[in-house]
Amino acid sequence: MKKIFLLYLKDHFIKVIDYIIKLSLIGNKHLVQDPTEENKNELLRLIDLKLDQLLEEAKEADHCSELADLSIEDFNAYATDVVNEAIDTHFTRNEIILADAFKGKIGKLLYEYLRGLSMLSFTGVIFTGFGEDEIYPSLLPLKISYAFQNRLKYYVDESMAAKISNEDAGAICPFAQTDVIDTILSGIDPTLDRTYLENFERFLSKYNQEIIDLVGNANPDLTAKIQGLDVKKVVEEYTQKNAETKQFNYINPLMNAVSTLSKPDLAEMAESLIYLTYLKRRITFAEESVGGPVDVAIISKGEGFIWVKRKHYFKPELNQHFFGNYFN
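Going by the numbering used here, the first residue of the sequence shown is number 7, and it counts up by one from there.
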């Protein structure tokens with residue numbers, strides 16, 4: 007397990023270094039295109055500034071409860087060799103030699119990232135149903151990443167949790183490949199929605215620039231005011247208005263209908279949503295991580311867990327003895 011974790015640690019660390027270098031090179035690509043000693047020193051200075059910024063942000067971020075009290079000493083004792091190897095490999099190829107203090111700062115950043123809630127890779131586990139004292143059902147999704155010194159890195163993804171109440175009478179919570187279900191819920195494909203917003207911002211900026219070009223030097227005050235317009239604020243207002251429209255016209259009516267459906271209808275709807283996701287993947291030749299026979303179950307307060315549809319690795323009609331033995 008330690009070997010697997012160290013491989014994960016090294017992969018995560020290389021991604022962190024790449025990210026820092028990428029941020030530092032924005033507007034400064036000449037520093038690597040012309041690797042003089044002066045440019046190398048300037049790149050190190052920019053990386054150091056970016057490290058300080060990211061380290062401060064990481065310290066203020068929320069941490070996984072299981073790893074919150076993990077000390078930097080315990081982390082260094084476990085991972086220093088991997089950290090140094092990744093640093094040397096990554097920077098030596100650019101003929102950049104790092105001081106020990108610099109290495110220590112990068113190691114601290116990785117330490118903070120590993121204690122944080124962000125995860126490069128994870129397994130999702132979803133708990134749903136009723137508690138002993140609950141009238142309504144609830145759903146809690148967990149993201150589980152890795153184990154470190156008998157500590158498990160995980161957190162409850164509150165953004166995807168659902169708790170039914172008198173105020174929130176229904177919920178649909180898609181996981182994994184959610185694009186088709188999100189399309190049905192919001193009335194528009196999420197990718198297309200993002201494209202519309204990006205195009206709106208791009209063309210708004212272009213329109214502003216065309217007005218500036220037309221005004222030119224004839225009216226410097228007007229040109230300055232146009233240049234000072236906050237396009238992002240307009241895009242944010244446009245995005246908020248779109249979200250309100252989707253909520254009122256699509257999401258709310260569907261949720262109201264869901265809250266009144268019978269149990270068989272809810273089961274049929276859930277299966278149909280999964281099947282539509284599978285069908286889109288199949289006819290568009292996209293990656294099929296959703297598909298095949300669908301298991302459907304209903305959990306209710308009175309009846310508990312009931313299978314509606316369940317696939318078997320064998321044909322039930324050829325193995326009646328199994329069911330006879332199973333229920334005896």
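We put the CB at the ideal spot given by N, CA and C, even for glycine.
Presumed contact (8 Å Cβ cut-off) between residue i and residue j, rounded CB distance
i	j	result
C70	Y152	Not quite, the Cβ-Cβ distance comes to about 11 Å (not below 8 Å), so this is no contact.
A64	Y119	6 Å
V241	E277	Contact flag wrong, Cβ pair sits at about 38 Å.
A67	G122	5 Å
L61	K28	So it is not a contact: roughly 17 Å between Cβ atoms.
Y142	S165	Contact doesn't hold; Cβ gap of about 20 Å is too wide.
S192	Y256	6 Å
L337	I26	The requested residue 337 is not part of the displayed model; the chain covers only 7 to 334.
Closest Cα partner of residue i within the set the options
i	options	result
S124	I112, K149, G135, V237	K149
L146	G130, L55, R316, K238	G130
S265	L52, I304, A175, R121	A175
C179	I187, E62, N172	I187
I312	S171, K269, L191, K111	K269
I194	Q253, L57, D236, K56	Q253
I304	R287, A273, D87, Q326	A273
A167	G135, L324, H327	G135
G340	I232, V162, K114, K169	As displayed, the chain neither begins before 7 nor continues past 334, which places residue 340 out of reach and without an answer.
R200	N248, L235, A85	N248
A83	E44, Q59, F154	F154
N258	A177, D271, R287	A177
E173	L267, L235, L50, M261	M261
V162	F329, A263, K286, E72	E72
L235	I218, F329, A224, N223	I218
Residue i versus residue j - alpha carbon distance
i	j	result
I132	N156	22 Å
D139	N205	50 Å
K46	Y202	41 Å
K307	K238	48 Å
K315	K321	14 Å
N90	K21	15 Å
K109	S127	25 Å
F291	E48	47 Å
S211	D80	50 Å
E250	G298	36 Å
D24	D54	14 Å
L76	L52	30 Å
T283	I190	11 Å
I280	Q246	29 Å
T184	L116	31 Å
I232	R208	16 Å
Y213	L198	22 Å
Y319	N331	17 Å
H327	T86	59 Å
N325	A263	40 Å
L228	V221	8 Å
F329	E323	10 Å
M275	L158	36 Å
Start-to-end residues for the alpha helix (DSSP H) that takes in residue i
i	result
A64	43-66
P259	258-264
Below-9 Å beta-carbon distance, residue i vs any chain B residue
i	result
A276	Within the model displayed, chain B is absent; a lone protein chain is all it includes.
Residue i: first and last residue of the uninterrupted beta strand (DSSP E) it sits in
i	result
G130	129-135
A153	144-154
G310	310-315
Every unbroken alpha helix (DSSP H) within the segment 160-209, with a cutoff of 4 residues, ordered by chain: 185-192
In chain order, which beta strand (DSSP E) runs of at least 3 residues are fully inside the segment 275-305? None, since the segment 275-305 contains no complete beta strand (DSSP E) of that length.
Secondary structure, alpha helix (DSSP H): runs of 4+ residues fully inside the segment 211-236: Counting only runs of 4 or more, we get 226-233.
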